[in-house]
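Sequence lines, in order, name chains A and B.
Sequence positions in the first sequence follow our numbering and run 189 to 551.
Sequence positions in the second sequence follow our numbering and run 389 to 1035.
Note that the Cβ used here is the ideal one computed from N, Cα and C, for glycine as well.
Since the structure comes first, as structure tokens, the remarks are kept for the end.
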Amino acid sequence: MAKSQSVEQKLVGLADLVVEAARKKQDPQIEIPVRALSNVRFNERKRIIEMGKATQARTFFNLGMAKKFMQTVLVGDALAELQRQDLTTSLREIYYRTKHTLKDSNENTFDSQDESDPIIEDLEVTLASLREELHVAAEGRGSIVGNIVLVDDGDAIDCTRAGKSGHTVPSICEEPDIRIKRCGADFVLLVEKATQFNRLSEDKFWKRHNCVLLTGNGQPPRGVRRLCRRIHDEWRKPIHVLVDNDPWGYYIYSVVKQGSINLAFESQRMAIPNVRFIGLSSFDPEKHGLPRNVGIKLNDKDISRAKELMGYDWFQKKEWQREIKHMLASGLKYELDALANKDFRYLTTDYLPRKLKDKDWLD
Amino acid sequence: MGNLMTKKEESASKPEFVERVSAEDLAKKQREISVSEFFAKNRHLLGFDNPRKALLTAVKEAVDNSLDACEEAKILPDVEVKIAVAVNGGLPSGASQSGAVKQGTAKEGPPPAPSQADRFIVTVTDNGPGIVADQIGKIFAKLLYGSKFHRLRMSRGQQGIGISAAGLYGQLTTGKPLKVISRTHEKKPAWFYEVQIDTAKNEPRILSKREIEWDRPHGTQVAIELEGRYQKGRTSVDEYLEQTSIANPHARIIYVNPEGQRVEFPRSMHELPHQPREIKPHPYGIELGVLLKMLQDTKSHWLSGFLCSDFSRVSPKIAQEICGKAGLQPTMKPRMVHGEAAERLYRAIQGTKIMNPPTDCLSPIGEPAILAGLYKQIRGDFYTAVTRAPAVYRGNPFVIEVGLAYGTGQMAQSVVEQELALPVAEGEEEEKEVPLARLMRFANRVPLLYQPGACSITKAVVETQWRNYGISQSKGALPQGPVVIFVHMASVWVPFTSESKEALADYDEIRTEIRLALNEAGRRLNSFLRRRERAELEFKRRNVFEAYIEEVAAACGRLKKGRLNEERLKKQLQAIARDKTGGEKTDELVKKDGKHEPPVEHTIIMTPEGPQGAVPAPVDGQAMAEDKKEDPDGEVAKRRTKTGRSR
């Protein structure tokens, strides 16, 4: 609870800042760290993305920023309310909580959630508080199945007995809510899509290969990333990431590994620099005899995104440049689902066993 | 094959057996067609194509006549239009003693609802000079009889077809005669006439006439029973009368619709439009055939004299020049000029530089009256009017006038009123659909409601680049937004595309003039819009902070769990806001800016403090339209606050 106190104190600090500026007849201003590629640095030693020192001043008496300033204070107030009542809520509920019309007008404080979400992220980085600490749960959950026992809110969950669809990974995976009681698996396989997770779960892949299966349904939510990191840290298990072969898949892998640009300050707690990219690789279609016609043509956005990735500091390894160049050269991307072209169970029976045996992965 | 041969032979020989019709036999069937017969069969040419339009045309012809008559007699027009559903069987033939046209006793049950009815009685009453009893028959029951065709002077009617055609239409569709009451002087009796057209002869047939009691000192009332259909909305009688009132603010029009509702369009100008003078034709405007006829009919003995006296703007010097170019003796007898010589004369006239026709034959509505008309009838934030200098097409002088009304009238409301609107929900804001501008076309003060697409006015409006004036417009369409565009053409001879007078023919000279007038009005609108935008920005700059300070102070209070003097914080923040936005200095700056703004001519701008600019004075306590309540002190009060502020 000591931590919570300090978050509340930080939020009250917003009010202090306004009062202090007003007293000094100054324009109140909040220094907000810049959340952009220009303000992140790849720490070669720690192998994670770190946030730089650049900040942007958000001032009140500037016509272009006045509304955002007001919105920031309103969101700060709502977050303090959560702290005081010890409640956790969603981004969307914060939006509704802070939405009302301004006095004597029909102007809304917020017109859509697109306006309030970035403000919450601004406050996360400004106050250096994690979203979990702010009591805001990200939407979207993951699933876990395999040789691991969790204690979720006091209940021991044996994930070998969690059925085909596994146990739900909550959006906040911190002590004391979630404890990892035991993990006897050899490794963790983080799968991008539910389809492949379900296939592997149904085929009891985790039993034959003694592993833990995790999915986050696309870009893994923070809970899944955090749980993954804790399994890695607390039980020293290697992590493999299985994603589609497209720029989006590469980026999912890179966020799990080094952290995201938008919320770079959280890399410390979220990034897992040791994860490996097991597939799909742009070389896999040839290795596994996937025909050209199950590929999808890269669109303009894919191509520019791929080129952008090649420019990131953390994609400079030779193997990675080769991997991305090869995708661009083929002009095609492949979904994991395309493996079904060979056989419904090709992923379980051939693809992954062969990958693991050959140690055919990228770091 | 054989069959085919026979057939061929047969067909070849057939003509032999057909009896020829001799020219003499044909001649027996050839006879004169009267105009009445012609128009009875071609009523669409006069605007009686369908029942809905017929009702409008009848009202229109009667009202046009009333207004023309009043103006000629220098009387401020008071016109009453009443449309009533006719009971089946219509009027009892012997009208009641009072003479006023009344509905028959409802023996056949109640009349149908106005929207369902197919027979109406249109009654139009004016306070004009009245008509001499002997003329009543001819004016109302003879086509092409009147005072307006044989002169070159601006008037609403041009040929003298209108009202008699409406009567003819009524006669054709209901069999009922036209009923007319007229009185020329309070000391003279009023006459009641029932007239019909003898279509074969185009002559009036007077069914009855008698002296009656009438409560009006002078004026005319005409009642037509006809087949029609009553509908509101576009191209309705309602719209026609509204527009008529806008273009004729010196007229007071009372309208009783078939539902029995009474609408008054008040008079907002108390001066008659100046009376246009009659002119002689300009040489550029005539055609060869007309020239030939004029040569035959003239009273002049010399060709040069004929040119000088029968045309406008031909001086003896010019006449000499024309004769020289045509190679004709100026002393030649006009009657002797024909054939090839006449053609030479015609070409010489076209090739000689002649001064433009005089323009005092025109009576434009004028900027103040257009403003008054728009202001009383249209709700807006901005009004402007432009009257162009006279121009000429084919020798006919004309004037183009444009009026523009913009906005929703919100500027005139107080801020609190505006904010009665509900809070906006997510995604709601994009749903607003911008309507197209409303275009009102007029020729000689008469609204044109049909065939907008064929009209030169529409073309000129569409081809104007409204985007330059801050109004959005899709390609080839009317501009969008809360705009009313008023375009009027005044001319001694308005070039209509057809006899039903619905659209202006497309002459380059006319279209150019319209465009120039629209450009001027557009420029004024643009400067208003830009000024308003600036003012809004300034208003926002100040008010935005005020509203946000409330929010921020309240949120800070909650964050501090009430351990905060919110009022003091607000005051401190407000002080900073004033400091940052320039405070009082900005106030002065803005006002100074406004003072330096040259007052735009013929423009009214609505502000929260009241209308500014060329606002027509509300006169002799006449009630303005209900939603336009005026504060006569508004202007003064506003000035007072202004001086108060600048100190």
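Other residues of its chain near residue i: CB distance less than 7 Å, five sequence neighbours each side excluded
| i | result |
| --- | --- |
| Val-451(B) | Val-467, Val-469, Val-512 and Thr-632 |
| Gln-244(A) | Ile-220 and Val-222 |
| Val-520(B) | Thr-572 |
Nearest-angstrom beta carbon gap, residue j and residue i [assumed within contact, 8 Å]
| i | j | result |
| --- | --- | --- |
| Leu-595(B) | Thr-562(B) | 14 Å between Cβ atoms; not a contact. |
| Leu-531(B) | Val-423(B) | 5 Å |
| Pro-867(B) | Trp-854(B) | 4 Å |
| Val-357(A) | Gly-411(A) | 5 Å |
Spatial distance of residue i from residue j (CA atoms)
| i | j | result |
| --- | --- | --- |
| Cys-361(A) | Ile-368(A) | 10 Å |
| His-606(B) | Gly-869(B) | 45 Å |
| Pro-778(B) | His-670(B) | 14 Å |
| Gln-663(B) | Trp-690(B) | 33 Å |
| Leu-401(A) | Cys-347(A) | 10 Å |
| Ser-293(A) | Met-258(A) | 16 Å |
| Asp-538(A) | His-476(A) | 9 Å |
| Arg-903(B) | Gly-754(B) | 18 Å |
| Val-313(A) | Asn-405(A) | 26 Å |
| Phe-155(A) | Lys-445(A) | Because residue 155(A) is not part of the residues shown, which for chain A are 189 to 551, the question remains open. |
| Lys-255(A) | Cys-944(B) | 15 Å |
| Leu-430(A) | Trp-549(A) | 10 Å |
Cβ of residue i within 9 Å of any chain B Cβ
| i | result |
| --- | --- |
| Ala-203(A) | yes |
| Arg-211(A) | yes |
| Ser-293(A) | yes |
| Met-258(A) | yes |
| Gln-214(A) | yes |
| Asp-265(A) | yes |
| Thr-297(A) | yes |
| Leu-255(A) | One point to set straight first is that residue 255(A) is Lys, not Leu, in the sequence displayed. So yes, Lys-255(A) belongs to the interface. |
| Leu-401(A) | no |
| Ala-268(A) | yes |
Delimiting residues of the alpha helix (DSSP H) encompassing residue i
| i | result |
| --- | --- |
| Glu-474(A) | 472 to 475 |
| Thr-562(B) | 550 to 562 |
| Glu-269(A) | 254 to 273 |
| Leu-683(B) | 676 to 685 |
| Gln-868(B) | Note, Gln-868(B): premise wrong, no alpha helix (DSSP H); not H, not E. |
| Cys-361(A) | It is not in any alpha helix (DSSP H) - Cys-361(A) carries neither H nor E in the DSSP assignment. |
| Glu-924(B) | 896 to 947 |
| His-514(A) | 506 to 518 |
Residue range of the unbroken beta strand (DSSP E) whose run includes residue i
| i | result |
| --- | --- |
| Cys-590(A) | The requested residue 590(A) is not part of the displayed model; chain A covers only 189 to 551. |
| Asn-231(A) | 228 to 231 |
| Leu-378(A) | 375 to 379 |
| Ile-220(A) | 217 to 221 |
| Ile-642(B) | 640 to 644 |
| Tyr-771(B) | 770 to 775 |
| Ala-831(B) | 826 to 831 |
Below-9 Å beta-carbon distance, residue i vs any chain A residue
| i | result |
| --- | --- |
| Ile-964(B) | yes |
| Phe-933(B) | yes |
| Cys-749(B) | no |
| Asp-452(B) | no |
| Tyr-936(B) | yes |
| Ala-923(B) | no |
| Glu-955(B) | no |
| Glu-939(B) | yes |
| Gly-945(B) | yes |
| Arg-776(B) | no |
Close Cβ partners of residue i (< 8 Å) along its chain, the five nearest in sequence each way excluded
| i | result |
| --- | --- |
| Tyr-533(B) | Lys-526, Ile-527, Gly-548 and Ser-552 |
| Gly-516(B) | Ser-454, Ala-457, Cys-458, Ala-461, Ile-463, Pro-465, His-606, Gly-607 and Thr-608 |
| Asp-432(A) | Glu-380, Lys-381, Leu-468, Lys-521, Tyr-522, Glu-523 and Leu-524 |
| Ile-937(B) | Lys-958, Leu-961, Gln-962 and Ala-965 |
| Leu-471(A) | The amino acid at residue 471(A) is misidentified as Leu; the sequence shows Phe. Glu-511 and His-514. |
Any non-hydrogen atom of the ligand GTP within 8 Å of residue i CB
| i | result |
| --- | --- |
| Glu-232(A) | Annotation note on the ligand GTP: not contained in the displayed structure, which lists no ligands. |
Close beta carbons around residue i, own chain, < 6 Å, minus the five adjacent residues each side
| i | result |
| --- | --- |
| Leu-322(A) | Leu-267 |
| Met-389(B) | Bear in mind that a pLDDT of 43 at Met-389(B), under 50, signals an unreliable position, so the model cannot answer this. |
| Lys-980(B) | Because the pLDDT at Lys-980(B) is just 42, under 50, the model does not fix this residue reliably, and the value given afterwards should be weighed accordingly. If we look at Lys-980(B) and ignore the five residues flanking it on each side, it has no Cβ neighbours. |
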